[in-house]
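> Sharing a structure, written as structure tokens. Questions coming.
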Amino acid sequence: MTENLVIVESPAKAKTIEKYLGKDFRVVSSFGHIRDLAKKNLGIDIKNNFSPEYEIPKEKAKVVAELRKAAAESKNVWIASDEDREGEAIAWHLVSVLKLNLPTTKRIVFHEITKDALEKAILNPRQVDMNLVNSQQARRILDRIVGFEISPVLWKKVQPALSAGRVQSVAVRLIVEREREIIAFKPESSFRINGIFRTDPDSTENNLIRAEAGKRFSDENDAARFLEVCSSSEFRVAGISVKPGTRSPAPPFTTSTLQQEAYRKLGFSVSQTMTVAQKLYEAGKITYMRTDSTNLSKLALAKSREVILSEFGEKYSRTRQFKTKSKGAQEAHEAIRPAYLNSLTITGSQNEKKLYELIWKRTIASQMADAEVERTTISIAMNNSPVIFSAAGEVIKFDGFLKVYTESTDYENGDEEKYILPSVKKGMLLHYVTISAFQKYTTPPPRYTEASLVKKLEELGIGRPSTYAPTISTIQNRGYVLKEDRPGEKRQLKIITLSKGTISTSSKTEAAGKEKAKLFPQDIGMIVNDFLLENFSEIVDYNFTAEVEEQFDEIAEGRLKWTGMLDKFYSAFHKTVTDTLEKKNRKTGIRILGVHPETGEQVSVKMGRFGPVAQIGDSAQEGKPRFASLNRNQLLETITLPEALNLFRLPRSLGIYEGDEMVVGTGKFGPYVRYRNKFYSLKKGVDDPYSVTVERAAAIIKEKGENDKKKVMKDFGEILLLNGRYGPYLSKDKKNYRLPKGIQADKLTKEDCIGIINESEKTKKRTD
DNA sequence: CAGTGAGCGAGCTTCCGCTTGACTT
358 MTENLVIVES PAKAKTIEKY LGKDFRVVSS FGHIRDLAKK NLGIDIKNNF
408 SPEYEIPKEK AKVVAELRKA AAESKNVWIA SDEDREGEAI AWHLVSVLKL
458 NLPTTKRIVF HEITKDALEK AILNPRQVDM NLVNSQQARR ILDRIVGFEI
508 SPVLWKKVQP ALSAGRVQSV AVRLIVERER EIIAFKPESS FRINGIFRTD
558 PDSTENNLIR AEAGKRFSDE NDAARFLEVC SSSEFRVAGI SVKPGTRSPA
608 PPFTTSTLQQ EAYRKLGFSV SQTMTVAQKL YEAGKITYMR TDSTNLSKLA
658 LAKSREVILS EFGEKYSRTR QFKTKSKGAQ EAHEAIRPAY LNSLTITGSQ
708 NEKKLYELIW KRTIASQMAD AEVERTTISI AMNNSPVIFS AAGEVIKFDG
758 FLKVYTESTD YENGDEEKYI LPSVKKGMLL HYVTISAFQK YTTPPPRYTE
808 ASLVKKLEEL GIGRPSTYAP TISTIQNRGY VLKEDRPGEK RQLKIITLSK
858 GTISTSSKTE AAGKEKAKLF PQDIGMIVND FLLENFSEIV DYNFTAEVEE
908 QFDEIAEGRL KWTGMLDKFY SAFHKTVTDT LEKKNRKTGI RILGVHPETG
958 EQVSVKMGRF GPVAQIGDSA QEGKPRFASL NRNQLLETIT LPEALNLFRL
1008 PRSLGIYEGD EMVVGTGKFG PYVRYRNKFY SLKKGVDDPY SVTVERAAAI
1058 IKEKGENDKK KVMKDFGEIL LLNGRYGPYL SKDKKNYRLP KGIQADKLTK
1108 EDCIGIINES EKTKKRTD
């Protein structure tokens, strides 16, 4: 018999707490929620006051059995789940599943894991707060109702297996609306005038002043004319202003800001960041990684100060406590910080080291002094034009926190680099080195990255630290959005330069719209979004979550009845569901593009059974309509008649290579050449299926053949030993088998291979 | 790996938020 059993949510937390509590306490973990609404059906008896049907999921059965046993063996049970809505619900489910006594079960909470905090918590147990539990039940049931009533409407009216939800549908909406802004955007070009000046015309020293003219020119000829004016002008310093300023460090990391910075500084995806952070947490190297709090414990503040004093000195230290700003924050944990602030580095994988260092720097910097800067602006006047050039420079007088860490921004602009300006006096004569007019296009609003989407969702108070990464996976898994790179389109930029009295013109190419790992909406995402906006505008409203959150708060405070709140929501919502099912037509995103120039048949595009498709002819007319799939990166919304007609040119016969026909087409994985019943992919960004030549196609086929030969290390007839991306492996009957560790691939015999394959098949069956 | 788009219909799909492994490649 144990004297005391403490139940927490996370096993790593259980381990650390056990160390502090001593022999009389056994600490175990519930691994999060132990019960949920029934998986099948709605799991809610709506007519019976929204009575929930809870069940223990299969994968939780073992944990629950162990918890039951532990509880039975203990005199006192202490429930120490997190101090928020979800944590309180976990506590209540534990009480009912473990058949504990609600009024006497000791509910305790703590925000930092120190001996002091734990002892204080143990001395102040309370009861499970049923108001807070009920606010969680309302949240859970509302989400289930929204998801499980709208999704089937989509299956009927749009396509099977789609989904909608309070969080995911807003995430998709953000991406779709941004894309439409980009589609509607018309870039405009203008010429900016940049001059490089120096004080002494003969000096070769690097004390240059880079200044921009206060006027831009939309017309190239006007820009050139201005440079002519410049060539005969005198330039003098018209004014100098020096202003002191300060810069302050960013708060310590929350889940959302960690995901953003790890993406910007380390190139991690949102889910990669969470996997690496989980490893660090389990190893006891950082505090909990799913948090919305920027709070640091007193201990962490003191330790940070100690580290800063010894590393950088007194004047670099400034203890700060940050207030959490984000909407709906529940602050059950600390900010994400190193568990031991005096460890600057750790052992572990490269990614673990990198992420840890980022967390260390951010935490330490947040406790350091402001940086002091001096911003200097020099204005330069001309004697034959009212245009003023101005140069901005920044000098860091005291680096403060910048010694350790600078926060990145999403869209870093090289143009805004700060220079140190040489010292000049008012009225001083300046000499230009070059003055250039650079053509520049305005850019559309940026597409979302995973990280910037998380940032936006957090600002709207939608989603929680534990769901940002899964939500991003969901909207990609459903096919609503796709994360991809785009090469962009080449665009010429003109540069007109005045140098030593003569004007010359040159040009530079840029890839307009080049994108890396951005979220692009897909047709099905746009169709579903529009359908939801038309029929369920309340649910996809950016304020919906904030509004229901207010009501959940009222429930938590005991000012609102949870069943009443749900009833009010449901009666209006359910009517919308039935009305939509009854009255609305299927939504296919159909667009009539026009008529075929030769046959006069109708040409249209729509979402077909297997994806977006262009169609010539109408099933109402005679003859079967013809179909062609749209290419990736074409949208139903923007495709034109000629582009649609062009799709019907494929597949086409290309010609003969060594006696057999080559056919070019475009399939699920992009453009290909088919030759002797085998597919050869055309090179992305290099080959175009409409214009690829016979010679080029033959070269692709030949090259692939040679590569395949290189791949084969040994050929045992039906079994092949192949060299793959991850090293050698076996292939038989189109199935691949991994080699056991430590085997020398080049010494394998056919018998060895058969043995490996049989062994692998056996273990596979066991796990089935 | 890639090509498809007649029509019918059984049975399936689906939410958010709290936690980790157990999987395969």
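Oh and the first sequence: position 6 is 363 in our numbering, straight run, nothing missing. A virtual CB, placed ideally from N, CA and C, is assigned to each residue, including glycine.
With DSSP collapsed to three states, give me the class of residue 817.
Indexing the first sequence from 1 puts residue 817 at position 460. DSSP places residue 817 in coil when its eight states are reduced to three.
> Count the other CB atoms within 10 Å of the CB of residue 358; is the residue buried (16 or more) or exposed (fewer)?
Taking the first sequence and counting its residues from 1, the one referred to as residue 358 is at position 1. With fewer than 16 other Cβ atoms within 10 Å, it is exposed.
> Name the DSSP beta bridge partners of residue 1079, please?
Indexing the first sequence from 1 puts residue 1079 at position 722. In DSSP, residue 1079 forms a bridge with 1069 and 1086.
> Would you identify the three-state DSSP class for residue 714, choosing helix, strand or coil?
Position 357 of the first sequence, counting from 1, holds the residue named residue 714. Residue state, collapsed to three classes: helix.
> Identify the continuous beta strand (DSSP E) that holds residue 1019 and give its terminal residues.
One-based indexing of the first sequence puts residue 1019 at position 662. 1017–1024 is the span of the beta strand (DSSP E), which, as asked, contains residue 1019.
> Just the Cα atoms here: how many angstroms apart are residue 445 and residue 933?
Reading the first sequence from its first residue, position 88 is the one you call residue 445. Reading the first sequence from its first residue, position 576 is the one you call residue 933. Straight-line Cα distance between these residues: approximately 33 Å.
> For residue 550, collect the residues of the same chain with a Cβ closer than 6 Å to its Cβ; drop the 5 residues on either side in sequence, then sort them by chain order.
Working through the first sequence from its first residue, we reach residue 550 at position 193. Around residue 550: 570 and 794.
> Quick one: what does DSSP say residue 771 is sitting in, helix, strand or coil?
The residue given as residue 771 occupies position 414 in the first sequence. Caution is warranted here: a pLDDT of 47 is assigned to residue 771, below 50, making its placement in the model unreliable, and no coordinate value can be reported.
> With a floor of 3 residues, list each beta strand (DSSP E) that falls wholly inside the segment 774–812, ordered by position along the chain.
Runs found: 786–798.
> Strictly by DSSP, which residues pair up with residue 364?
For the purposes of this step, residue 364 is taken as the residue at position 7 of the first sequence. Beta-bridge pairing links residue 364 to 385 and 436.
> Is it the case that the Cβ atoms of residue 366 and residue 387 are separated by a distance below 8 Å?
Sequence index remark: in the first sequence, residue 366 carries index 9 (1-based). Sequence index remark: in the first sequence, residue 387 carries index 30 (1-based). Against a cut-off of 8 Å, the Cβ pair of residue 387 and residue 366 comes out as a contact.
> Count the other C-beta atoms from every protein chain shown that fall within 10 angstroms of the C-beta of residue 431, then say buried if there are 16 or more, exposed otherwise.
Position 74 of the first sequence, counted from the first residue, corresponds to residue 431. Buried.
> Inspect the CB distances between the segment 541–550 and the segment 567–584 and report whether three or more fall short of 8 Å.
Verdict: yes, contact present.
> Between the alpha carbons of residue 647 and residue 707, how many angstroms are there, rounded?
Here residue 647 refers to the residue found at position 290 when the first sequence is read from its first residue. Here residue 707 refers to the residue found at position 350 when the first sequence is read from its first residue. Approximately 22 Å between the Cα atoms of the pair.
> Does the distance from the C-beta atom of residue 787 to that of residue 962 stay below 8 Å?
Here residue 787 refers to the residue found at position 430 when the first sequence is read from its first residue. Here residue 962 refers to the residue found at position 605 when the first sequence is read from its first residue. No. Outside cutoff.
> Taking just the CA atoms, how far does residue 421 sit from residue 903?
Along the first sequence, one-based indexing puts residue 903 at 546. Along the first sequence, one-based indexing puts residue 421 at 64. Each residue's alpha carbon lies about 34 Å from the other.
> Using a Cβ-Cβ cut-off of 6 Å (strictly less than) and excluding sequence neighbours within five positions of residue 375, which residues of its own chain qualify?
Mapped onto the first sequence, residue 375 falls at position 18. Closer than 6 Å at the Cβ level, and outside the excluded window around residue 375, lie 384.
> Can you list, in chain order, the residues of its chain with a C-beta nearer than 8 Å to that of residue 852? Leave out the 5 residues immediately preceding and following it.
Numbered from its first residue, the first sequence carries residue 852 at position 495. Counting only Cβ-Cβ distances below 8 Å, and skipping sequence neighbours, we find 793, 794, 795, 796, 862, 863, 864 and 865.
> Which value, in whole angstroms, describes the spacing of the CA atoms of residue 643 and residue 713?
Numbered from 1 along the first sequence, position 286 holds the residue referred to as residue 643. Numbered from 1 along the first sequence, position 356 holds the residue referred to as residue 713. Taking the straight line from one Cα to the other gives about 8 Å.
> Quick check: the Cα distance between residue 1028 and residue 906, rounded to an integer number of angstroms?
To locate residue 1028, count along the first sequence from 1; it is residue 671. To locate residue 906, count along the first sequence from 1; it is residue 549. For residue 1028 and residue 906, the distance between alpha carbons rounds to 49 Å.
> Would DSSP call residue 721 helix, strand or coil?
Taking the first residue of the first sequence as 1, we reach residue 721 at position 364. Here residue 721 sits in helix by DSSP.
> Let me confirm a value: residue 1064 is counted as buried when at least 16 other C-beta atoms fall within 10 Å, else exposed. Which label applies?
In the first sequence, the residue the question calls residue 1064 occupies position 707. Exposed.
> Evaluate the contact criterion for the segment 624–638 versus the segment 814–821: three or more CB pairs, one atom per stretch, below 8 Å.
No, because fewer than three Cβ pairs between the segment 624–638 and the segment 814–821 fall closer than 8 Å, the two stretches do not touch.
> Quick test of your reading: residue 952 and residue 960, contact by CB under 8 Å. State the CB separation rounded to the nearest angstrom.
For the purposes of this step, residue 952 is taken as residue 595 along the first sequence, with counting starting at 1. For the purposes of this step, residue 960 is taken as residue 603 along the first sequence, with counting starting at 1. Contact flag correct, Cβ pair sits at about 6 Å.
> Looking only at its chain, what residues have a beta carbon closer than 6 Å to the beta carbon of residue 478, apart from the 5 residues adjacent to it on each side?
The count along the first sequence starts at 1 and reaches residue 478 at position 121. Once the five neighbours on either side are set aside, the close Cβ partners of residue 478 are 465 and 467.
> Taking DSSP's pairing of strands, which residues face residue 326 in a bridge?
No statement about residue 326 is possible, as the shown extent of the chain runs from 358 to 1125 and does not include it.
> What does the alpha-carbon distance come out to for the pair residue 613 and residue 777?
Within the first sequence, residue 613 is the residue found at index 256, counting from 1. Within the first sequence, residue 777 is the residue found at index 420, counting from 1. Distance between the alpha carbons of residue 613 and residue 777: 35 Å.
> In this structure, does DSSP put residue 412 in helix, strand or coil?
One-based indexing of the first sequence puts residue 412 at position 55. Residue state, collapsed to three classes: strand.
> If the criterion is Cβ atoms closer than 8 Å, does the pair residue 947 and residue 958 meet it?
Here residue 947 corresponds to residue number 590 of the first sequence, with the count starting at 1. Here residue 958 corresponds to residue number 601 of the first sequence, with the count starting at 1. Not in contact: residue 947 and residue 958 (Cβ atoms no closer than 8 Å).
> Hey, quick one: how far does the beta strand (DSSP E) through residue 1030 stretch, first residue to last?
Here residue 1030 refers to the residue found at position 673 when the first sequence is read from its first residue. That run of the beta strand (DSSP E) goes 1027–1032.
> Going by other Cβ atoms of all chains shown within 10 Å of its Cβ, with 16 needed for buried, is residue 661 buried or exposed?
Position 304 of the first sequence, counted from the start, is the residue given in the question as residue 661. Label assigned to residue 661: buried.
> Give me the Cβ distance between residue 497 and residue 600, rounded to the nearest whole Å; I'm assuming they're in contact under 8 Å.
Numbered from 1 along the first sequence, position 140 holds the residue referred to as residue 497. Numbered from 1 along the first sequence, position 243 holds the residue referred to as residue 600. That pair is no contact at about 54 Å.
> So residue 364 and residue 424 are in contact, right, with Cβ under 8 Å, and what is the actual spacing, rounded?
Taking the first sequence and counting its residues from 1, the one referred to as residue 364 is at position 7. Taking the first sequence and counting its residues from 1, the one referred to as residue 424 is at position 67. Rounded, the Cβ-Cβ distance is 7 Å, consistent with contact.
> Leaving out five residues before and five after residue 525 in sequence, what residues of the same chain have Cβ atoms less than 7 Å from its Cβ?
Position 168 of the first sequence, counting from 1, holds the residue named residue 525. So the qualifying residues of the chain are 828, 831 and 832.
> Excluding the 5 residues preceding and the 5 following residue 317 in the sequence, name in chain order all residues of the same chain whose CB lies nearer than 7 Å to its CB.
Because residue 317 is not part of the residues shown, which for the chain are 358 to 1125, the question remains open.
> Only counting the same chain, and skipping five residues up and downstream in sequence, which positions put a Cβ closer than 8 Å to that of residue 772?
As a position in the first sequence, residue 772 is number 415, starting the count at 1. Bear in mind that a pLDDT of 48 at residue 772, under 50, signals an unreliable position, so the model cannot answer this.
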